[in-house]
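Since the structure comes first, as structure tokens, the remarks are kept for the end.
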Amino acid sequence: MPDGLELGKKRKPARKAAPRKANGAGSDRIVAVLRAFSVGQYGDRLDLDDFPDPGLREVAKAVNATADHVEAEIREARQRIDVVSAGVDEAIEAMVRLVIQGDLSGTLRLGVADAALTPLIAGVGQVMETLKKFVTEIREAALQLSTSSAEVLAAATQNESSTSAQASAIHETTATMEELKGASHQIAENAQMVAGIAEQTLSGARQGEGAIKAFMSSMEKVRHNAVEVDDAIAKLSKRVERIGTVVEVIDEIADRSDLLALNAALEGAKAGEAGRGFSIVAAEMRRLAENVMESTKEIKNLITEIREATHAAKEASDGNKRMAAEGEKLGGNAMTSVSGILSGIQETSDAARVIHLATQQQRTATEQVVQSMSEIEEVTRHAQSGSKQATGAAAELTKLAERLADLVKRFKLD
Amino acid sequence: MTWQTTEILMFQVGPRVFAASVHDAVRIGSVRDVPAGALVVGSALGMPFDRERGIAVDDPDGAGLMLVVDAVLGIRSIPEEDVLPLPAFAAACMASGAVAGLVHVDGAPLLLVDLPTLVSERPGATPTQRAA
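Chains as they are written, first to last, in the numbering used here: chain Y, 125 to 538; chain C, 4 to 135.
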């Protein structure tokens, strides 16, 4: 309501005017009052006595009645405003109180009743319903949040534990891989050493193979020489036999000569002095025959020695042939063995080389794995730190959820 | 001064050397040229070793026997004083009558053998041959 309204304040009637002039003054008076109405001043009234003219008097009456009616309306409006304001204040106070106390179980009851407050009451009720709904949802959400945060905390704790165990396992794995890297390095060196030894052994075995070939060649030469010696011995034996035969003939002749000389000497001795010269010649002949027989005896002895030596040489030659054949056989066996050894050593050398390469690759792969494990360990360490932070955050979140639940519990819904 | 000498034939039977008069020996020969029945292998002188030299003996029966010896060493001419008769005691002790005496050759005594008597004492000889 405009502040310029003036209600219940009776103003003195407007001044009376002269008759002729009285009509004109009355009109002016009416105009002045109406102008005051127009600015919200309804306190002035017209004095009907000032309007002798009946027409103006009726107008003055109507003006006064209008002013009265307006003032009554204004007064009534002001009363309603006061009632509504009191209801609004009461509603606000009730809402504030409800919010502070958190009691949303009841409904808003106002001490004043006015139709104008109905929308307010309805709006407040709707707000309360909305608040109830919100609180209910918040409570459920808080409960769910508490449950979820507890689960998150448990999961985070378990995750932290798992991450710690994982970090420990990764650390152990890294250490094991480090050891494996060292072992791979050692294996690679050993394999290289084995390959070197195998190469040396291979070289030695090849030299042995060459030596065996030379030995077998020598054995073949020995056997060939033994055969030649055998042939030579056979020829020598034939020559010796021939010499023996000749010597036998010579011996026989000498024996016959000896007999002849003996008989000549015998006859010379029987002849006495006449046969002495004959006996001397016979004795000389016999001496010659005996010399020949002595020589043939020596020759026979020599032939016997030659036979024995030839026989020994023949046996030695046969032994040489047997030994050469045995040597060739043994050489062949040794050659077969050495060939097998060479093949085995070659395979060993190849295998050692392959192992060396494989272990080098394994060492490289292991180093890469170690590098990757170090990176994983670093990542895991970060993850472990993050997991701890997540666990802390989850614990904090749980506390917040509990606090939120406690706060929400303040609101009474039923 | 004239020295009287005796011609002896020296031969060996087994390990021992014996002497005999050259007149008792017909000839010296080889046992291979003589039939086995005419050979006198074993005698009072012993058994020869291996040399199959033989001395053909002028035996009383004219059988042409040959004494098998190991060697005929030769003919030696020795002084007669070196030819000694066998002592009576020695002759009595000896079972054979073929030893005629002793002869010194180069300072060593040798039995002087009577070859005809020796071959007549061979095993299988008739008593007449032995007595002769």
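Even glycine gets a Cβ: it sits at the ideal position worked out from N, Cα and C.
Closest by C-alpha distance to residue i, when choosing among the options
| i | options | result |
| --- | --- | --- |
| residue 530(Y) | 255(Y), 263(Y), 203(Y), 219(Y) | 263(Y) |
| residue 362(Y) | 438(Y), 348(Y), 413(Y) | 438(Y) |
| residue 508(Y) | 383(Y), 284(Y), 356(Y) | 284(Y) |
| residue 70(C) | 19(C), 115(C), 31(C), 26(C) | 31(C) |
| residue 496(Y) | 471(Y), 343(Y), 415(Y), 302(Y) | 302(Y) |
| residue 64(C) | 75(C), 41(C), 47(C), 73(C) | 41(C) |
| residue 94(Y) | 161(Y), 177(Y), 461(Y) | Since the displayed chain Y opens at 125 and closes at 538, residue 94(Y) lies outside it and no answer follows. |
| residue 537(Y) | 215(Y), 318(Y), 223(Y) | 223(Y) |
| residue 511(Y) | 213(Y), 259(Y), 169(Y), 282(Y) | 282(Y) |
| residue 142(C) | 39(C), 118(C), 24(C), 10(C) | Given a span of 4 to 135 for chain C in the structure shown, any question on residue 142(C) remains unanswerable. |
| residue 39(C) | 67(C), 61(C), 28(C) | 67(C) |
| residue 274(Y) | 534(Y), 304(Y), 516(Y) | 516(Y) |
| residue 318(Y) | 534(Y), 155(Y), 474(Y), 196(Y) | 474(Y) |
| residue 488(Y) | 404(Y), 323(Y), 447(Y), 307(Y) | 307(Y) |
| residue 498(Y) | 159(Y), 291(Y), 250(Y), 260(Y) | 291(Y) |
| residue 189(Y) | 165(Y), 169(Y), 148(Y) | 169(Y) |
| residue 33(C) | 387(Y), 423(Y), 494(Y) | 387(Y) |
| residue 61(C) | 51(C), 43(C), 106(C) | 43(C) |
| residue 364(Y) | 427(Y), 287(Y), 452(Y) | 427(Y) |
| residue 240(Y) | 217(Y), 201(Y), 220(Y) | 201(Y) |
| residue 505(Y) | 421(Y), 406(Y), 287(Y) | 287(Y) |
| residue 443(Y) | 351(Y), 485(Y), 420(Y) | 351(Y) |
| residue 8(C) | 120(C), 46(C), 108(C) | 108(C) |
| residue 519(Y) | 323(Y), 199(Y), 404(Y), 277(Y) | 277(Y) |
| residue 120(C) | 11(C), 27(C), 12(C) | 27(C) |
| residue 199(Y) | 172(Y), 166(Y), 231(Y), 176(Y) | 166(Y) |
| residue 150(Y) | 218(Y), 164(Y), 180(Y), 163(Y) | 180(Y) |
| residue 395(Y) | 19(C), 13(C), 29(C) | 29(C) |
| residue 314(Y) | 476(Y), 325(Y), 421(Y) | 476(Y) |
| residue 382(Y) | 399(Y), 297(Y), 408(Y), 204(Y) | 408(Y) |
| residue 226(Y) | 203(Y), 259(Y), 513(Y) | 259(Y) |
Counterpart residues of residue i in DSSP-defined beta bridges
| i | result |
| --- | --- |
| residue 75(C) | 14(C) |
| residue 69(C) | 42(C), 59(C) |
| residue 107(C) | 112(C) |
| residue 22(C) | 13(C), 115(C) |
| residue 86(C) | 106(C) |
| residue 162(Y) | DSSP lists no partner for residue 162(Y). |
| residue 32(C) | 57(C) |
| residue 80(C) | 10(C) |
| residue 49(C) | 46(C) |
| residue 536(Y) | 227(Y) |
Rounded Cβ spacing between residue i and residue j (contact assumed at less than 8 angstroms)
| i | j | result |
| --- | --- | --- |
| residue 211(Y) | residue 236(Y) | 5 angstroms |
| residue 77(C) | residue 49(C) | 20 angstroms between Cβ atoms; not a contact. |
| residue 445(Y) | residue 366(Y) | That belief does not hold up - the Cβ atoms of residue 445(Y) and residue 366(Y) are roughly 25 angstroms apart, past 8 angstroms. |
| residue 55(C) | residue 79(C) | Rounded, the Cβ-Cβ distance is 23 angstroms, inconsistent with contact. |
| residue 228(Y) | residue 256(Y) | 5 angstroms |
| residue 207(Y) | residue 238(Y) | 5 angstroms |
| residue 102(C) | residue 89(C) | 6 angstroms |
| residue 417(Y) | residue 340(Y) | The pair is not a contact, with the Cβ atoms about 53 angstroms apart (cut-off 8 angstroms). |
| residue 15(C) | residue 111(C) | In fact, because the Cβ distance is near 13 angstroms, the residues do not count as touching under 8 angstroms. |
| residue 234(Y) | residue 214(Y) | 5 angstroms |
| residue 371(Y) | residue 430(Y) | 11 angstroms between Cβ atoms; not a contact. |
| residue 3(C) | residue 116(C) | Residue 3(C) lies beyond the stretch modelled for chain C, which goes from 4 to 135, so this question has no answer here. |
| residue 24(C) | residue 124(C) | So it is not a contact: roughly 17 angstroms between Cβ atoms. |
| residue 344(Y) | residue 450(Y) | At roughly 13 angstroms, the Cβ-Cβ gap does not stay under 8 angstroms, so residue 344(Y) and residue 450(Y) are not in contact. |
| residue 491(Y) | residue 294(Y) | Their Cβ separation, rounded to whole angstroms, is 17 angstroms, which puts residue 491(Y) and residue 294(Y) out of contact at 8 angstroms. |
| residue 494(Y) | residue 298(Y) | 7 angstroms |
Residue i at chain D interface by Cβ criterion, 8 angstroms
| i | result |
| --- | --- |
| residue 35(C) | Of the chains in the structure shown, none is chain D; the protein chains are Y and C. |
Worksheet item: Hey, is the stretch 385 to 404 of chain Y in contact with the stretch 334 to 347 of chain Y, meaning 3+ C-beta pairs nearer than 8 angstroms?
Response: no
Discussion item. Measuring CB atoms only, is the stretch 323 to 334 of chain Y touching the stretch 463 to 474 of chain Y, in the sense that at least three cross pairs come out at less than 8 angstroms?
Written reply: yes
Worksheet item: Looking at C-beta atoms only, is the number of pairs between the stretch 519 to 529 of chain Y and the stretch 84 to 92 of chain C that lie closer than 8 angstroms three or more?
Response: no
Worksheet entry | Those runs of the alpha helix (DSSP H) which lie wholly inside the stretch 441 to 471 of chain Y and span at least 4 residues | none
Practice prompt. At 3 residues or longer, and completely inside the stretch 301 to 386 of chain Y: list those beta strand (DSSP E) runs for me, N to C.
Written response: none
Discussion item. Just to confirm the assignment: which complete beta strand (DSSP E) runs, minimum length 3, are found wholly within the stretch 227 to 302 of chain Y?
Written reply: none
Practice prompt. Decide yes or no for the touch test of the stretch 473 to 480 of chain Y against the stretch 351 to 361 of chain Y: beta carbon pairs closer than 8 angstroms, at least 3 of them.
Written response: no
Discussion item. Counting beta carbon pairs with one atom in the stretch 376 to 388 of chain Y and one in the stretch 410 to 421 of chain Y, are three or more of them shorter than 8 angstroms?
Written reply: yes
Worksheet item: Does the stretch 236 to 246 of chain Y come close enough to the stretch 257 to 277 of chain Y that 3 or more CB-CB pairs lie under 8 angstroms?
Response: no
Worksheet item: For the stretch 502 to 534 of chain Y, which segments carrying the alpha helix (DSSP H) assignment without a break, of at least 4 residues, lie completely within its bounds, in sequence order?
Response: none
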